[in-house]
């Protein structure tokens with residue numbers, strides 16, 4: 653079964669569902685034809701949503717005569733595949749002349765204002781607006797990254813027009829090539845994140861991390877198997893620090909392989925992640941896959 657991502661904004665309260673809805677584990681949440689209620693919407697906001705791909709939506713992939721690889725074609729998407737909506741958050745990688753001209757991050761966050769198909773993509777970014785009077789100019793190339801469901805998309809655009817009146821926003825050239833990568837729940841990365849366990853003074857470090865859980869190393873016990881713990885830690889995504897506080901269940905415990913540190917390794921499973929927390933974990937994992945692929949487990 654091939655699934656396509658669905659945005660919550662595509663659903664209307666009080667109207668019958670156009671498709672069967674599934675979560676990222678391919679478990680059906682609601683059936684086609686059911687009337688969406690307010691309670692349903694609040695529940696669905698906590699999950700990544702998907703629907704079946706219809707046969708009419710499947711486009712045969714033709715392989716060029718001189719191209720011996722099909723992987724590249726399978727990772728290419730159309731603009732419509734991203735299911736963008738006004739207000740969606742985007743990550744921008746700025747041109748090197750912006751980054752090298754001063755001490756600033758090469759990444760910033762932007763918000764989609766709208767788009768005209770095959771013509772222009774309009775974005776605004778208070779963070780980026782502060783740099784418009786410096787070295788950002790029309791014609792500069794930027795890389796755009798975003799997440800939709802379990803997919804991470806990326807494409808390159810050029811700054812067509814910088815608008816400053818009545819407020820700052822930017823016209824980007826419409827992308828012609830969009831790549832995508834599935835961020836699976838089981839994808840795990842190596843980390844060295846300092847964590848705090850509520851009501852437990854033992855120092856702890858998150859040694860690896862996935863969308864569903866993590867491994868924590870500590871010099872003493874942080875709890876028993878099946879015990880729920882409150883965990884806090886900070887992640888840094890493109891030089892922006894975010895603090896996460898969540899609940900987790902201890903699923904396993906064992907001595908670490910490295911006998912010199914006398915540490916214990918605890919396998920934990922995250923519980924009831926909020927949408928923003930899931931997005932932060934996705935962003936962190938995708939960032940590491942792109943920038944530090946050697947950290948993939």
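Numbering (my numbering), first residue to last: 653 to 949.
Glycine included, each C-beta is placed from N, C-alpha and C at the ideal position.
Quantities reported herein were computed from a predicted structural model and do not represent experimental measurements.
query: Hey, residue 860 and residue 949: beta-carbon distance below 7 Å or not?
result: yes
message: I'd like to know whether the C-beta atoms of residue 601 and residue 663 end up nearer to each other than 7 Å.
response: Nothing can be reported for residue 601, as the shown portion of the chain is limited to 653 through 949.
task: Give me the Cβ distance between residue 738 and residue 766, rounded to the nearest whole Å; I'm assuming they're in contact under 8 Å.
output: 6 Å
- prompt: Given a threshold of 16 other Cβ atoms within 10 Å of its Cβ, counted over all protein chains shown, does residue 817 qualify as buried or as exposed?
  reply: exposed
task: Can you give me the Cβ contacts of residue 904 inside the same chain, cut-off strictly under 6 Å, excluding the 5 residues immediately before and after it?
output: 919
field: residue 889 (DSSP reduced to helix, strand or coil)
entry: strand
task: Go to residue 812, then tell me how far its beta strand (DSSP E) extends in each direction, as first and last residue.
output: 803-815
query: Does the Cβ of residue 796 have 16 or more other Cβ atoms within 10 Å, making it buried, or fewer, making it exposed?
result: buried
- prompt: Does DSSP put residue 949 in a helix, in a strand, or in coil?
  reply: coil
task: Would you mind reading off the limits of the alpha helix (DSSP H) that contains residue 694?
output: 690-696
- request: Check whether the Cβ atoms of residue 833 and residue 735 sit closer than 7 Å, and answer yes or no.
  value: no
task: Determine the DSSP secondary structure at residue 674, reduced to helix, strand or coil.
output: strand
First through last residue of the beta strand (DSSP E) which encompasses residue 772: 772-776
message: Since residue 896 and residue 884 should fall inside the 8 Å C-beta cutoff, what is the C-beta to C-beta distance between them, to a whole number of angstroms?
response: 7 Å
message: Less than 6 Å between C-beta atoms, sequence neighbours within five positions excluded: which residues of the same chain meet that for residue 917?
response: 867, 869, 906 and 908
- prompt: Are residue 805 and residue 830 close, meaning C-beta to C-beta below 7 Å?
  reply: yes
- prompt: How about residue 889 and residue 825: do their beta carbons lie closer than 7 Å?
  reply: no
Bridge-paired residues (DSSP) for residue 921: 865 and 901
- prompt: Closest to residue 762 by CA distance: which of 939, 853 and 740 is it?
  reply: 740
field: Cα-Cα separation between residue 872 and residue 902, rounded to whole angstroms
entry: 14 Å
query: Within 10 angstroms of its Cβ, does residue 875 collect 16 or more other Cβ (buried), or is it exposed?
result: buried
- prompt: Applying the criterion that 16 or more other CB atoms from any shown protein chain within 10 Å of the CB defines a buried residue, is residue 730 buried or exposed?
  reply: exposed
query: In the structure shown, what three-state DSSP assignment does residue 656 receive?
result: strand
query: Opposite residue 896 in the DSSP bridges: which residues?
result: 885
task: Classify residue 855 as buried or exposed, calling it buried when 16 or more other Cβ atoms lie within 10 Å of its own Cβ.
output: exposed
message: In whole angstroms, give me the CA-to-CA distance for residue 611 and residue 702.
response: With the chain covering only 653 through 949, there is no way to say anything about residue 611.
query: For residue 743, is the classification buried or exposed, using 16 other Cβ atoms within 10 angstroms of its Cβ as the cut-off for buried?
result: buried
query: How far does the beta strand (DSSP E) with residue 875 in it reach, from first residue to last?
result: Per DSSP, residue 875 belongs to no beta strand (DSSP E) and is neither H nor E.
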